[in-house]
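Heads up: the sequence lines are chains B and H, in that order.
Everything in the first sequence is counted per my numbering, starting at 1 for the first residue and increasing by one.
Everything in the second sequence is counted per my numbering, starting at 117 for the first residue and increasing by one.
For glycine and all other residues, C-beta sits at the position ideal for the given N, C-alpha and C.
The block underneath contains the structure these notes are about, expressed in structure tokens.
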Amino acid sequence: NAGVMQNPRHLVRRRGQEARLRCSPMKGHSHVYWYRQLPEEGLKFMVYLQKENIIDESGMPKERFSAEFPKEGPSILRIQQVVRGDSAAYFCASSPGTAYLQAEAFFGQGTRLTVV
Amino acid sequence: DQQVKQNSPSLSVQEGRISILNCDYTNSMFDYFLWYKKYPAEGPTFLISISSIKDKNEDGRFTVFLNKSAKHLSLHIVPSQPGDSAVYFCAASAQSGTASKLTFGTGTRLQVTL
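Spelled out as structure tokens, the structure:
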């Protein structure tokens, strides 16, 4: 029973390049969330997706960041033209999303993005 | 604006004693609260949760207490074990218990000493 799978675990990009982070939710989970953790800070919500739909993107920076969760395949968080300030740990979480009092989201191990 | 606050960045407790981690929140719409545990280089792991209709939830060595009037919750770990050493995040949800985005505190690093 695989958990939430994120890849790559570590990603190094030069300034101006694109970063693409992948997340496969737990089996049976249809809700995906992306969070970002900057050094010495807590996790900050970025975006909430269901299959083919963005439900809440209130935490996404207005430019350069986008997310998708296609009908087939993993969820993708894309960061275009990366800058040093994008260096952080990016965590994906999933949940079944339907049961009352099951707000627990299960997290992947994260992708650590370093922009050089 | 930090809606979920963990004012103690670190806590050191002797093995076998009780660990008490505190969390305060400001948003009255929060109705479901969770604690996550995080080891270095890993994702957060769900520990225990509580709905706003309760004031206590217990699971083995872990108990979460909720004081709605004070907008305060705490996590008690007893007895504390060295394997409990990790960063603990308090999180809150504002959508009546259904899966929704979580608002996290900044974490408390617990060190359980021998």
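Next item on the list: Starting from the beta carbon of Gly223(H), find every residue of chain B whose beta carbon is closer than 7 Å, and list them in chain order.
Entry: Position 107 of the second sequence, counted from the first residue, corresponds to residue 223(H). Here the neighbours are Gly42.
Checklist line | Buried or exposed by the 16-neighbour rule on C-beta atoms within 10 Å, applied to Leu38(B) | finding: The count along the first sequence starts at 1 and reaches residue 38(B) at position 38. Answer is exposed; the Cβ neighbour count stays below 16.
Note to self: Could you check whether the region 187 to 199 of chain H touches the region 136 to 154 of chain H, counting it as contact only if at least three pairs of C-beta atoms, one from each stretch, sit closer than 8 Å?
What the structure shows: yes
Notebook entry, point to check: In chain order, what residues of the same chain have a beta carbon less than 7 Å from the beta carbon of Val83(B), not counting five sequence neighbours either side?
Noted result: Taking the first sequence and counting its residues from 1, one reaches residue 83(B) at position 83. Only Arg15, Val115 meet the Cβ criterion.
Next item on the list: Give the straight-line distance between the Cα atoms of His192(H) and Arg177(H), rounded to the nearest whole angstrom.
Entry: Position 76 of the second sequence holds residue 192(H). Position 61 of the second sequence holds residue 177(H). Cα to Cα, the separation comes out at about 8 Å.
Notebook entry, point to check: In chain B, what lies closer than 9 Å to Phe146(H) by C-beta?
Noted result: The sequence position of residue 146(H) within the second sequence is 30, counting from 1. What Phe146(H) touches in chain B: nothing, since even the nearest Cβ is about 11 Å away.
Item checked: C-alpha distance - Ala67(B) paired with Tyr148(H), whole-angstrom precision -> As a first step, residue 67(B) is located in the first sequence; it is residue number 67 there, counting from the start. As a first step, residue 148(H) is located in the second sequence; it is residue number 32 there, counting from the start. Those two C-alpha atoms are separated by around 26 Å.
Notebook entry, point to check: By a C-beta neighbour count over all protein chains shown, 10 Å radius and 16 as the cutoff for buried, is Ile169(H) buried or exposed?
Noted result: Sequence index remark: in the second sequence, residue 169(H) carries index 53 (1-based). The residue in question, Ile169(H), is exposed, as its Cβ has fewer than 16 Cβ neighbours within 10 Å.
Next item on the list: Would you check if the region 27 to 43 of chain B and the region 86 to 98 of chain B touch, i.e. whether three or more CB-CB distances between them fall below 8 Å?
Entry: yes
Next item on the list: Determine the chain B residues that contact Gly159(H) at a beta-carbon separation under 7 Å, and present them in chain order.
Entry: Here residue 159(H) refers to the residue found at position 43 when the second sequence is read from its first residue. Those are Phe91, Phe107, Gly108, Gln109, Gly110, listed as they occur along chain B.
Next item on the list: Tell me, please, whether the CB atom of Glu104(B) is closer than 8 Å to any CB atom in chain H?
Entry: Counting from one through the first sequence, the residue named residue 104(B) turns up at place 104. Yes, its Cβ sits closer than 8 Å to a Cβ of chain H.
Item checked: 8 Å Cβ cutoff met for Phe60(H) and Gly42(B) -> This structure gives no information on residue 60(H), because the portion of chain H shown stretches from 117 to 230.
Notebook entry, point to check: Mind listing which residues of the region 52 to 74 of chain B have their C-beta closer than 7 Å to chain D's C-betas, in chain order?
Noted result: No chain D is present in this structure, whose protein chains are B and H.
Margin query: For the region 183 to 209 of chain H, list every residue whose C-beta sits within 7 Å of some C-beta in chain B, in sequence order.
Written below: Cβ contacts with chain B: Phe205, Ser209.
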